[in-house]
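Visitor: In the numbering used here, the protein residues as written are 72 to 412.
Idealized CB from N, CA, C, for every residue including glycine.
None of these values were measured; they are calculated from a predicted model.
1. Rounded to whole angstroms, what's the CA-CA distance from residue 291 to residue 127? Just pull it up for me.
2. When you compare each of 210, 373, 112 and 274 to residue 235 by their alpha carbons, which one comes out closest?
3. When the Cα atoms are used, what is the spatial distance from residue 114 to residue 190?
4. With three or more C-beta pairs closer than 8 Å as the rule, is the segment 202-211 touching the segment 254-262?
5. What separation, rounded to the nearest whole angstrom, lies between the Cα atoms of residue 146 and residue 228?
6. Could you work out which residue in 298, 376, 149 and 308 is closest to residue 339 when comparing CA atoms only?
7. By how many angstroms is the C-alpha of residue 124 removed from the C-alpha of residue 140?
8. Specify, as a first and last residue, the run of the alpha helix (DSSP H) that residue 339 falls within.
9. Measure the C-alpha to C-alpha separation of residue 233 and residue 357 and round it to an integer number of angstroms.
10. Can you tell me the Cβ-Cβ gap for residue 336 and residue 319, rounded? I've got them flagged as a contact below 8 Å.
11. Return the Cβ separation of residue 135 and residue 401 in integer angstroms, given the expectation that the two are a contact with Cβ distance under 8 Å.
12. What number of angstroms, rounded off, separates the C-alpha of residue 92 from the C-alpha of residue 200?
13. Which value, in whole angstroms, describes the spacing of the CA atoms of residue 122 and residue 380?
14. Report buried or exposed for residue 399, applying the criterion of at least 16 other Cβ atoms within 10 angstroms of its Cβ.
15. Looking at the structure shown, is residue 31 part of a helix, part of a strand, or coil, going by DSSP?
16. Let me make sure I understand the geometry here. Which of 346, 271 and 323 has the alpha-carbon closest to that of residue 317?
17. Taking the straight line between their C-alpha atoms, what separation do you get for residue 196 and residue 110?
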């Protein structure tokens, strides 16, 4: 007679009593303790120092560099800037890999970017793991909401309002995004003038040199499209240029070499019912170029006083060997056929 049968014969409840602790031990071993989600980081003022960098005045392609700063802060949450948007009154807003929001106002002296001021940070999400907090792109909508692309568990976080305190409104999931690589998901997010939302994967490909993207119409209908990208580059942020064209930021970063590029993406074929946009390279630079460079991940467009400017930020990965850069480029050679947004 086996031990189990002996126990069963002596006391019918003995075997279940032994199996329950065993099952609990297996669950603990496999799943571990349930992590408690930390609340969002509090809204707070932060002090950011800025160091001016070389290269201002140099031109690559149609853009001239009019500002280049290396930013530092003693705030533990500062860093990991991965998405950028232009807010009102000259403010910029970024999101970080650690689920926080940073607002700041670039300061201009004699036409050059001299520093940043009025900086604040706050959390945009609660979480216990990086998959809960990995914010990669941000869009401020005309109706006063905020959309944030979250990587790892690919989703779009919808918030009411565009400043703290943040009020969660909902989440947007797309089945097609479930196949995107965990750390190569929706790095780029844009809201088009016609009401369509474009969500571009960093690493998922439909074919070599064609990034996978999801285009959602104003009525909620979603379809998969292709966005051409330069060879060996990954798209990291996007900004709307006009009714059908985008400026797309790309990076090539492998820990040894680093490059960045900006392309002009035309969505006209897609908006007419096609399945792939067209692309034209505009700018590409690396360590040997006159412009500063690091792991470039954030991009937004600002029009003011008849000038068209791009702001770019880099993600330092919270690594002391990297830098948080803020660059400002001015479009000095107009792109053919540019429309009003």
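Guide: Reading off the structure:
1. If you number the chain shown from 1, residue 291 lands on position 220. If you number the chain shown from 1, residue 127 lands on position 56. So the alpha carbons of these two residues sit roughly 44 Å apart.
2. To locate residue 235, count along the chain shown from 1; it is residue 164. Here the closest residue by C-alpha is 112.
3. For the purposes of this step, residue 114 is taken as residue 43 along the chain shown, with counting starting at 1. For the purposes of this step, residue 190 is taken as residue 119 along the chain shown, with counting starting at 1. So the alpha carbons of these two residues sit roughly 11 Å apart.
4. yes
5. Residue numbering aside, residue 146 sits at position 75 when the chain shown is read from its first letter. Residue numbering aside, residue 228 sits at position 157 when the chain shown is read from its first letter. Near 25 Å, if we compare the C-alpha coordinates of residue 228 and residue 146.
6. Counting from one through the chain shown, the residue named residue 339 turns up at place 268. Ranking the options by Cα distance to residue 339, first place goes to 298.
7. Walking along the chain shown from the start, residue 140 turns up at place 69. Walking along the chain shown from the start, residue 124 turns up at place 53. Rounded to whole angstroms, residue 140 to residue 124 spans 6 Å at the Cα level.
8. The sequence position of residue 339 within the chain shown is 268, counting from 1. Looking at the DSSP string, the run of the alpha helix (DSSP H) that includes residue 339 is 339-342.
9. Taking the first residue of the chain shown as 1, we reach residue 233 at position 162. Taking the first residue of the chain shown as 1, we reach residue 357 at position 286. Whole-angstrom Cα-Cα distance: 34 Å.
10. Taking the first residue of the chain shown as position 1, residue 336 is located at position 265. Taking the first residue of the chain shown as position 1, residue 319 is located at position 248. Contact holds; Cβ gap of about 5 Å.
11. To locate residue 135, count along the chain shown from 1; it is residue 64. To locate residue 401, count along the chain shown from 1; it is residue 330. Yes, they are in contact, since the Cβ atoms of residue 135 and residue 401 sit about 5 Å apart, within 8 Å.
12. The residue you call residue 92 lines up with position 21 of the chain shown. The residue you call residue 200 lines up with position 129 of the chain shown. With a pLDDT of 48 at residue 92, under the threshold of 50, the modelled position of that residue is not reliable, and the figure given next carries that caveat. Approximately 28 Å between the Cα atoms of the pair.
13. Numbered from 1 along the chain shown, position 51 holds the residue referred to as residue 122. Numbered from 1 along the chain shown, position 309 holds the residue referred to as residue 380. When rounded, the distance between both Cα atoms is 20 Å.
14. As a working note, residue 399 is residue 328 in the chain shown. Burial call: buried.
15. Outside the displayed range of the chain (72 to 412) lies residue 31, so it cannot be described from this structure.
16. Translated into positions along the chain shown, residue 317 becomes position 246. If we check each option's Cα against that of residue 317, 271 comes out closest.
17. Working through the chain shown from its first residue, we reach residue 196 at position 125. Working through the chain shown from its first residue, we reach residue 110 at position 39. Distance between the alpha carbons of residue 196 and residue 110: 8 Å.
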